[in-house]
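These notes are about the structure you will find just below.
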Amino acid sequence: MKRRTLIKGLAATLPSLWLTRALGNSLFEGQPLNEPIANGPFKPTWESLQNYKTPEWFRDAKFGIWAHWGPQCQPEAGDWYARNMYQEGSPQYKFHLEKYGHPSKFGFKDVINEWKAENWDPEALVSLYKSAGAQYFMALANHHDNFDLYDSKYQAHWNSTKIGPKKDLIGGWAKAARNNGLPFGVSVHASHAWRWYEVAQRSDKTGPYQGIPYDGKLTKASGKGKWWDGLDPQDLYAQNHPLSKNSLDDNFDVEQWNWSNGVCLPSNAYIDKFYNRTIELINKYNPDVVYFDDDRLPLWPASDAGLRIAAHLYNKSIKEHGDLRVVLNGKKLNEKQRKAMVWDIERGQANQIQPLPWQTDTCIGGWHYDRALYERDGYKSAKTIIQTLVDIVSKNGNLMLNIPVRGDGTIDEKERKIVEDIGRWMKANSESIFATRPWKIFGEGPAQEAATHLSEQGFNEGKGKEFTYEDIRFATKDGILYATAMGWPEDGKLVIKSLARNSEYLTKEIRKIEWLPTKQSLNFERNENGLLISLPEKASDDLTYANAVKIFS
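Note that the numbering used here has the sequence shown beginning at 998, numbered continuously upward.
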């Protein structure tokens, strides 16, 4: 893209003062990006990318599992550890002092060095996830901590083949996924390290270490005689720049996440490095899904690097397969941007059927492993996960579920039990999930009526009413309607008001209704008040939190 074209596009989206600052910083000048974009019909513009069409395999899949696993899982102290450990007085700062020492002496680079992933068995984990019904699998390629979990030429020293596990983790995950016949995805989060790591430039305001800088500004020269002798911490921390506006506030400014509102703009070298790392990741591991933890695309609107990566991913797929088989996820997309990629809603979901396929990403606990959650039984239940999945599928969405992995590469027994319980429900009811499409309406019931006010841009999870047997969700496949009740009516009589005799949604006569787990025919009555279905005798197991029936008309 020509510099003047990108500047014209930016002028419509950025405040004039910020744009002037960007141009004064020569943001779009400098060395060209090294990795070429694959030739093909897609160009690195939003207009061109809107010709994207979601592949049918992804629409059919509905359910994926994610290993959001990296060095921040090593302390087992929760998400954003590599940032929060540098925030004086925070729980993770206090944890770090006790476990590792002061961050001026033992920083996150040193946590990485302690991480060995000694019990990691990707084949066993992916096989478990497949048995639970996962139709695709995704692994973390890097997080905001800027550490690549693969053999990275552009992050040559700070990657998992050189430091920590000394293993190609993405390579191992990819092999396991493909051995199990699952499409493989990667999640990329490193575009934010520039701003996210600014806390590492701080020092304590009080106490015996007052005024002594943390390790965020260390340089290669400081490593002589240390384990990282010869390595440059700035290749990891990327903190050789001024602090952003209000950087000393602990709350991350969400507008600065979008490269505005006084953020210190990333350098050309930083942008080019991120671009090259990501193109190399795509070329080397051939992912079927690329998830960006970004609003829209990485570094947008400060740079067109994300647009270039998207065009390359799409063109590469067409060149190698003859058609477009890849999925690209981004968050907080407007209506036009949702045509260019698959909209992802973090820890939340849509309120209505969406015209285009979309995805929720969520977790049974924290994104990175948190032992405190394990100890207080804080994980989501299989019931919550299955009900969430049924609701999402009814609205044309997929669910990507993270199962947090411990530092050593294993999951705990409570997590395993949840995964196995999900698998038990799936074995009996997956026909109502996989390869279905939304019906005329997504469903009925009080939970959705209470949720219509919630934002669809993320983090609305758990803010609505709990599901009950009155909450019904629909999906369809091959002319058959599936209705799933989010609970068991006490009298064993399921009432579906939307399917009353005078229903505008189902005008045909109902020929037969089956109980999906056993294919047993059920007695039913259809009158002006609804469709009344007599459920079979309630089973003694605990799978009746989502009860699917198969309706033939």
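Note that the Cβ used here is the ideal one computed from N, Cα and C, for glycine as well.
According to DSSP, is residue i helix, strand or coil?
i: D1247; result: coil
i: M1483; result: coil
i: S1023; result: In this prediction, S1023 has a pLDDT of 33, which is less than 50 and means its spatial position is unreliable; what the coordinates show is noted afterwards. Coil.
i: F948; result: Past the edges of the chain, shown from 998 to 1550, lies residue 948, and the structure says nothing about it.
i: S1518; result: strand
i: G1169; result: helix
i: L1528; result: strand
i: K1494; result: helix
i: D1388; result: helix
i: G983; result: The question about residue 983 has no answer here: the residues shown for the chain are numbered 998 through 1550.
i: G1420; result: helix
i: R1434; result: strand
i: N1036; result: coil
i: N1426; result: helix
i: D1145; result: strand
i: Q1028; result: The predicted model places Q1028 with a pLDDT of 42, which falls under 50 and marks its position as unreliable; any figure quoted below should be read in that light. The answer is coil: DSSP assigns Q1028 none of H, G, I, E or B.
i: R1018; result: Residue placement at R1018 cannot be trusted, given a pLDDT of 32 that sits under 50; what the coordinates show is reported in the next sentence. If DSSP states are grouped into helix, strand and coil, R1018 belongs with the helices.
i: L1240; result: coil
i: S1500; result: coil
i: P1533; result: coil
i: S1378; result: coil
i: Y1151; result: coil
i: D1232; result: helix
i: L1215; result: coil
Please report the Cβ distance between residue i and residue j, rounded to the nearest whole angstrom; I am assuming they are in contact, meaning their Cβ atoms lie under 8 Å.
i: V1390; j: T1433; result: 6 Å
i: P1354; j: T1051; result: 5 Å
i: N1526; j: A1497; result: 6 Å
i: E1441; j: S1495; result: 5 Å
i: D1142; j: A1079; result: 4 Å
i: H1309; j: I1276; result: 6 Å
i: A1190; j: L1137; result: A1190 to L1137, Cβ: 14 Å. No contact.
i: I1507; j: L1519; result: Contact doesn't hold; Cβ gap of about 11 Å is too wide.
i: F1060; j: N1326; result: The Cβ separation is near 15 Å, so there is no contact.
Residue i bridges to which residues according to DSSP?
i: F1549; result: K1509
i: C1360; result: N1399
i: S1184; result: L1137 and Y1288
i: W1340; result: G1327 and W1355
i: E1441; result: I1469
i: I1477; result: K1474
i: D1367; result: A1074
i: N1116; result: DSSP lists no partner for N1116.
i: R1175; result: Paired residue(s): none; R1175 is not in a bridge.
i: D1409; result: Bridge partners of D1409: none, in fact.
i: G1394; result: W1355
i: R1523; result: L1528
i: N1156; result: D1145
i: N1544; result: A1482
Can you tell which of the options has the C-alpha that lies nearest to the C-alpha of residue i?
i: Y1479; options: E1487, D1538 and N1544; result: N1544
i: V1260; options: D1250, P1205, G1440 and D1269; result: D1250
i: G1227; options: H1154, L1296 and S1241; result: H1154
i: T1042; options: F1289, I1167, I1306 and E1506; result: I1306
i: G1213; options: F1105, R1274, G1178 and P1263; result: F1105
i: R1322; options: N1031, S1500 and E1053; result: E1053
i: N1552; options: G1220, V1287 and R1192; result: Shown here, the chain extends from 998 to 1550; a query on residue 1552 therefore has no answer.
i: P1435; options: G1363, P1352, L1491 and R1421; result: P1352
i: D1057; options: K1336, D1165, Y1133 and K1113; result: Y1133
i: W1170; options: N1255, N1283, K1462 and Y1151; result: N1283
i: H1140; options: F1092, P1162, Y1194 and R1175; result: Y1194
i: N1176; options: E1120, G1303 and L1245; result: E1120
i: K1102; options: G1375, D1201, K1172 and D1247; result: D1201
i: A1302; options: K1329, N1265, H1318 and D1320; result: N1265
i: T1465; options: I1438, T1385, K1437 and N1312; result: T1385
i: N1393; options: P1298, Y1211, Q1349 and Q1084; result: Q1349
i: S1500; options: K1437, T1359, K1424 and P1230; result: K1437
i: Q1047; options: N1524, E1487, E1332 and L1528; result: E1332
i: R1274; options: L1491, S1149 and F1439; result: S1149
i: D1291; options: K1313, I1342 and D1285; result: I1342
i: T1515; options: S1124, Q1346, K1424 and A1444; result: K1424
i: P1205; options: E1085, H1365 and A1187; result: E1085
Is the beta carbon of residue i within less than 8 Å of some heavy atom of the ligand FMN?
i: S1087; result: Among the ligands in the structure shown, none appear at all, so the ligand FMN cannot be discussed.
*Pick out the complete alpha helix (DSSP H) segments inside the segment 1038 to 1109, 4 residues or longer, and give them in chain order.*
1043 to 1046, 1053 to 1058, 1078 to 1081 and 1088 to 1096
*Identify every run of the beta strand (DSSP E) within the segment 1253 to 1333, keeping only runs that are complete inside it and at least 3 residues long; order them along the chain.*
1286 to 1292 and 1324 to 1328
_Segments of 3+ residues assigned as beta strand (DSSP E) that fall wholly inside the segment 1186 to 1213_ = none
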